[in-house]
Structures are given as C-alpha cells and as structure tokens.
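Undergrad: Quick one: the structure is below, and I'll ask about it shortly.
Protein chains: 2
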Amino acid sequence: MVTLKDVAAACGVSPATVSRALNATGDNPSRHVRYIRHVADNMGYRPNAAARALKTNRSDNIGILYEDVMQHEYFSSLIEGLRLGAEKRGYDLTFLARHFDGEGKVYVAEAEYRSLDGIIVVQADYASSRILSLTGCGLPTVVVDNRLEGCGTVFSDNAAGMEKLVRHVASLGHRRVAFIGGDEGSVTSLRLGGFYKGCAESGIRAAPEWIFHAHYRDPQSCFGALDSILMGDVKPTCILFPDDFCCIGAISALAARGIRVPEDISIAGYDGVEMGRLMKPALTTYRQDSDGMADLAIQMLTDAISRGEQSVSGIATAEGSLVEGETVRMIGG
Amino acid sequence: MVTLKDVAAACGVSPATVSRALNATGDNPSRHVRYIRHVADNMGYRPNAAARALKTNRSDNIGILYEDVMQHEYFSSLIEGLRLGAEKRGYDLTFLARHFDGEGKVYVAEAEYRSLDGIIVVQADYASSRILSLTGCGLPTVVVDNRLEGCGTVFSDNAAGMEKLVRHVASLGHRRVAFIGGDEGSVTSLRLGGFYKGCAESGIRAAPEWIFHAHYRDPQSCFGALDSILMGDVKPTCILFPDDFCCIGAISALAARGIRVPEDISIAGYDGVEMGRLMKPALTTYRQDSDGMADLAIQMLTDAISRGEQSVSGIATAEGSLVEGETVRMIGG
DNA sequence: ATACGGAGTGAAAACGATTGCAAACGGGAG
DNA sequence: CTCCCGTTTGCAATCGTTTTCACTCCGTAT
C-alpha cells in the first residue's frame, strides 16, 4: 500500500505538502501541485479512509436506514437511486446495521461508531420509536416520505398525486369511486386527503361507505376491503388501490369472480411498477418519482454536510406523473 | 465522544489494559475484566471504527458489488438477505461505489480505500471485465451465481431447479415443451442444461425448434420468442419462461391473442416472486432460495475473513423449491 | 531460600492522514 | 541592496486504537 509518505519521498517534499497538494481545491493548480498529483497517480496512491476519518471525523459515507421494504419495487428503486446520487457526489452508502442493546435496536451508536457523515431514513411506517431516537444525535438526517422533528424531509407528492388520479378518473366519466387505503400512519393516509380534494373538485361525492382501510402493500387487508365493496348494494365504477402490487393482484381476484377489468369495473393502482406497463390491459396508476426523491434526499443531506451543519431542515417534494393505462375505461356520461 | 483513554482513567488502569479487557475472547472473564467492561458500558463507550481500522486493517465491513439489478425482486431480496446475514455476524454492508478511472470503473481501489474485509459480487451478467479485475486484489471475494477465478461461489441450483420444473410439467402430461432463455453468459444458459436433462429423463424430445433465446428479465426478447413459438405449425402445450416477470407479462400478451392460461396453453416462470402467489391462476414457478444463498455467501466470506485468508475457495449451492401453481394444467395422456 | 515460568500490566510505538505554527522563500518597492 | 509582505513549506502534534516489549508480581518447583 502506497502512503502519503511514499509519495512525499518520491517527490522530495514532506507529507504535509503532498496532503495539501492533493486536497487543494483551487481552480488552476500550480505546476508543482500538478506534478505532485501526477506522481501520486502514477504510484497508484489512494488515501486511507480510516486514517482520514480518524483525523477529520468525516468519512464520506452516508448511512442508510430502512425496515422491511426491500421487496417493494418502489423502495428498492428508491435505494438504488440513493446509491447513484451518493456516488455522484463522492459518497458511499452503508447499511446501518441494527445492533441490539437492552431496550431495542440502536442505530445512532452504529452511525457514530463508523463516523458516518449523515443518515437517510427510508421507512414505510411513520414514527417508529426506534427511529425517533435518531433525531437528537447530532448527525444530519433526511427522512423520505415521513416527517420527523429536526430532520430534513423528502416527500412524494402523495396528496397531489392522488388528486390527479381522481381527476383523471373523473374525466373519464366515473362518479362512483371507491378508495382503499388511508391507513393511519402510512403514506396512504396522506393520499386520502388528495382523494377528498380530487373528489370535491370533480364534483364526486366521496362516499364514506366506499372508503376502506387497508395497509400499504398488504393484499390480505386489501382484498378484504375489495370483498366489502363487492358485497354492497350499489357498486362503484372504479376502485383506487393503495399500491400497484395489490391492484394487479386484485385483477385476478376479480377475474375469479367473473368480473373483468376494465369492462365491468375500472381500477387504478399507485406507484408505477414495471409490471404495470407490461401487462394487458396496461395498469392505470400514478408513478412516484423515486429517482427524483432519492436525488433530492441525497442533495439535501450532502449540502448540509458540506456546510458542516448538524441537522437538516427543509422539506422537498418530488412530483410524480400520471400513467394513463387501460384499466380505467371511459364510461357513459 | 468517550474514548479508551477516558475509560482507562475511570478504571485507574492504562488504555492498553482496557483494550485487552474489551477484546478478550475468553469464555470466563476475570472479575477485573468484567469490571472494566461494566464501566465502559456505563460510560457509553463505543470503539472508533476508523482508529481500529487504521491500526488493524480490518473494518468489519463487507463491500457489495452489483450492476443494474436492484429492480429485480429476486436480486433485491438477495441483497436484503446479504444484509441480514452480515448483520447477524457483526459486519456492515457498504455499496462499492464505482469511481471512474481512465479505462473503466474501479472497484478494487474503493475496497482498498475503505479497508473492506471482503467483497460480495452480485451480478446477472457473467464475466464482466470490470469485475474480473477484482480477482487479483487480495481481498476475499464471493460471487453469487457466477464463476470467477479465485473467488468463492454460491450458486442457485439452476440446472437442478429447471430439471425439477421440467419433470413436474412432464408429470402433468406435457410432451411438447418450449424453453425460452439459454442466453449465453447468463444463468438461464445453466438452466438450459437442466432442461435437456429433465427432458431426457422424462422422455420428452427437446426440440431445437422450441428452444428460443432471450435475455433474463427482458420482456422484449422474450415476447419475440413467444411470437415465434405461436407462429409455428405445431404448438407446444407448455412454455417455460426465463423469469417470472416475463412470464406474468406473457399471460397478458397471450390473452391479447385470445389464448388463455392454462386452458389453451400452460406456462411456468422462474424465480418465485410474490406476485406469482397472489395472482389467479397462481403462477407455477421455481422459487430460488435467495435468503439461503445470501446466508451461504456471507458465511463463506466471513469464515475466510476470520481465518485471515486472502481468498475464498469452494462452491456452495442453495436449493430452491418447486412452486406448484395453476398455470400448468394436467393434459390428457 | 532461590530460581523459574506464567499471567497480567504499562509505556510507547505504531497505523496514515491532517493541520496549527513558525520558518523559509520569493517578488516587488523603496 | 534591503525591507516588507504574502505565499509556500516543513515540523511535529494529533486523532483513538492495537500491539510489542519489558517489567512486575506471584505461585511453584528445586
């Protein structure tokens, strides 16, 4: 392993000079600096992250914290986006391991231990108490799709997206629209607000009997809601699902009852998964901009880091886009 | 931040003693050692990873390297499995960033820079030249579903799995079976071998005109193959797809032609994604044991690390399981 | 009683980088 | 030629651990 000292010897200068030459940020480096850099390159010098972190307390490393979300395509693409964003800005990404202590899982200690520069929290459930303990830790933190005291936040446009979806559905003539989701403490509860607003603006009555609770990406509770809907006297012409996964699954559940989509009933999902584009009829859904969210999150975080701040403030929202598929059909006015 | 020295002062001993007390591995620690540990705990002492790494050249940190696979449910659950396995054994997981140099992406340098203890490679494509440069780097490396000189390997039971699938299909009476996949340099080429073997053992003629090339998880090439199959004079009774994603997509493509699954044609996928269980008819497929593979990989790697070896040898295979769905129907003998 | 071996401890030297401080240097003005 | 001021450089300390080496202490064998 070639060290600063080796490069210094090769250049006939002191290690301090080499360090400065390599870290200098000026726009037009002097001949001497260029020479040192050239030699360092040639020798294959790479700084030692541990030594640097020890001295500076910085690691160019961001911790990422999530729970049980990897299987969701939306989240895994979000995480991939985080990685790309971090890479672009010269940071690495480390999974924050959950080392146990007496009372629960400890993330902060881990982050400190590794001298991480910041933390990104990706979590489907709101306000996990384990996460809450992060907020006071003096490390800049950005939370995705969640609101946490003292942390920066990046939201998907949950309310606005659902609103757009409702309008779209309304524009195709639907007046009896059911909503599945709105689970307390999940993003779908934010969307419920958008649903109400969209209904109000489109002159649709948001009938309480057509609003059903279900968890995000939980087919079980979702199909339960579907059952209730189908057992009602008056049936909706369109059902909005909490996520694409459940929505696609529902097509089969409906087919098993002899109900065709979209001929007999229209449906729409939420997320914008790849399968939705592939299938026939193509899924009508709202595509969350996971790449945009990821990049915003990393940007907020790295900005705060490079300003040397201990916390991140501010809220940003990434706008998604309506995906007009074929699962919502036009119905007679 | 509380350091070794602080603990030492509080205990009235030297830092060296504290270090030894905390790192001692003996089964029954002496009273004195227990006391030091107690004090350290109480003071909230956490070792500094950077200092430790600097001194020992170990980081309890494993690098993970992959390309463009995050969107695949199989891969993201594999990565989640890796994380869990690493966590279980006291390691963290860091994404290996791809810093560029003149000729391509450089992973090794990054791994060295962070003094990573080992590397796990997850990659759909065989023999990427970028990866190859890893092998000589003196870091223990385990490759998933791939064979690379000087690296440990964990395989999914590609051939055996496909063989089982073929037998299952044969046992339901199918004699005309088409195979899509077998792409050079991808895992599906291994499965092609299993296909031949399964056919041979089941007395099925593996007809070359029913073997079609397609990339893994590439609907485009897959549907092209499907077209060819459907245009043939004699049609197969069952089609085996390279992955569940394409297979599920194919159901729609078939439906668009008025072909029903499984009444008119039987199909099976490969991977075992969640959606397959949810849909109706439930997807017949072969579920790869991604958790098992991940755990094997981490175990091989951490074993080598703790033995202080510079490379990993050995090949392990994780056995998957046949998922008998409803997309392959029994046909008349 | 003396010598010896083992266990435990402390002092101090690393590991490889950054950085405050002071000295050396270089260029322009007088 | 000298002086002054701004820039560059080197020295040395430091970050928090681990680890070697020498030493002490104590129990046991001779």
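For the protein sequence lines, the chains are X and L, in the order given.
The first sequence stops at residue 333 when you use our numbering, and every number in between is there.
The second sequence stops at residue 1333 when you use our numbering, and every number in between is there.
All residues carry an ideal CB built from backbone N, CA and C; glycine is no exception.
1) So, C151 of chain X versus V143 of chain X, is the Cβ gap smaller than 8 Å?
2) I'd like to know if G102 of chain X contacts chain L, where contact means its C-beta is closer than 8 Å to some C-beta of that chain.
3) What separation, rounded to the nearest whole angstrom, lies between the Cα atoms of V177 of chain X and G161 of chain X?
4) Cβ closer than 8 Å: which chain X residues qualify as neighbours of S1311 of chain L?
5) Looking at F1245 of chain L and M231 of chain X, is the spacing between their C-beta atoms short of 8 Å?
6) Using 8 Å as the limit for Cβ to Cβ distance, is P236 of chain X near chain L?
7) Which of helix, strand or coil does DSSP assign to L1222 of chain L?
8) Sort out for me which residues DSSP pairs Y113 of chain X with in a bridge.
9) Could you pull the DSSP bridge partners for R287 of chain X from this structure?
10) Starting from A1009 of chain L and walking both ways along the alpha helix (DSSP H), at which residues does that stretch end?
11) Is the region 1190 to 1205 of chain L close to the region 1214 to 1233 of chain L, with three or more CB pairs under 8 Å?
12) I need the boundaries of the alpha helix (DSSP H) containing Y1035 of chain L, first residue and last residue.
13) If the cut is a Cβ gap below 8 Å, which residues of chain X does Y1113 of chain L touch?
14) At a Cβ cut of 7 Å, what residues of the region 263 to 286 of chain X count as close to chain L, listed as they run along the chain?
15) Looking at the structure shown, is F241 of chain X part of a helix, part of a strand, or coil, going by DSSP?
16) Where V1007 of chain L and L82 of chain X are concerned, what is the direct C-alpha to C-alpha distance, given to the nearest angstrom?
17) How would you write the range of the alpha helix (DSSP H) that S77 of chain X sits in, first residue to last?
18) Can you check whether the C-beta of I1248 of chain L is within less than 8 Å of a C-beta belonging to chain X?
19) Can you look up G198 of chain X in the DSSP assignment and give me helix, strand or coil?
20) With a 10 Å radius around its C-beta and 16 neighbouring C-beta atoms as the bar for buried, classify H38 of chain X as buried or exposed.
21) Is T1094 of chain L close to chain X, meaning its C-beta is less than 8 Å from at least one C-beta of that chain?
22) Give me the chain X residues within the contact set of L1054 of chain L, using Cβ-Cβ distance strictly less than 8 Å, ordered along the chain.
23) Could you tell me whether the region 202 to 212 of chain X touches the region 1251 to 1266 of chain L, where touching means 3 or more Cβ pairs closer than 8 Å?
24) If you measure between the beta carbons of Q123 of chain X and N158 of chain X, is that distance less than 8 Å?
25) Please work out which residues of its chain come closer than 7 Å, Cβ to Cβ, to F1095 of chain L, disregarding the five sequence neighbours upstream and downstream, and give them in chain order.
26) Output, in chain order, the set of chain X residues within a Cβ distance shorter than 9 Å of A1297 of chain L.
27) In this structure, how does DSSP classify N1028 of chain L when only helix, strand and coil are distinguished?
28) Flag this pair as touching only if the region 239 to 256 of chain X and the region 299 to 315 of chain X have three or more C-beta atom pairs under 8 Å; answer yes or no.
29) Would you tell me roughly how many angstroms separate the C-alpha atoms of V108 of chain X and S59 of chain X, rounded to the nearest one?
30) Out of curiosity, what's the CA-to-CA distance linking L165 of chain X and I79 of chain X?
31) Give a yes or no on whether the C-beta atoms belonging to D264 of chain X and Q288 of chain X are separated by under 8 Å.
32) Cα-Cα, which of X:T141, X:L240, X:R175, X:P140 is closest to G182 of chain X?
TA: Put simply:
1) Yes, they are a contact pair.
2) With a pLDDT of only 49 at G102 of chain X, under the threshold of 50, the placement of this residue in the model should not be trusted, and no figure is reported.
3) 16 Å
4) Here the premise fails: no neighbours, minimum Cβ distance about 18 Å.
5) no
6) no
7) Here the sequence assigns Cys to residue 1222 of chain L, which means Leu is not the residue at that position. Look at C1222 of chain L here: in three-state DSSP terms it is helix.
8) DSSP links Y113 of chain X through a beta bridge to no other residue.
9) Paired residues: X:D271, X:S321.
10) 1004 to 1011
11) no
12) 1031 to 1043
13) R46, P47, N48, A49
14) E274, M275, L278, M279, K280
15) coil
16) 38 Å
17) 73 to 88
18) By this cut-off, I1248 of chain L is an interface position.
19) helix
20) exposed
21) yes
22) N48, A50, A51, L54
23) No, because fewer than three Cβ pairs between the region 202 to 212 of chain X and the region 1251 to 1266 of chain L fall closer than 8 Å, the two stretches do not touch.
24) no
25) I1064
26) Per Cβ cutoff of 9 Å: no residues; A1297 of chain L is ~15 Å from chain X at best.
27) coil
28) no
29) 15 Å
30) Spanning the two alpha carbons is a distance of roughly 25 Å.
31) no
32) X:L240
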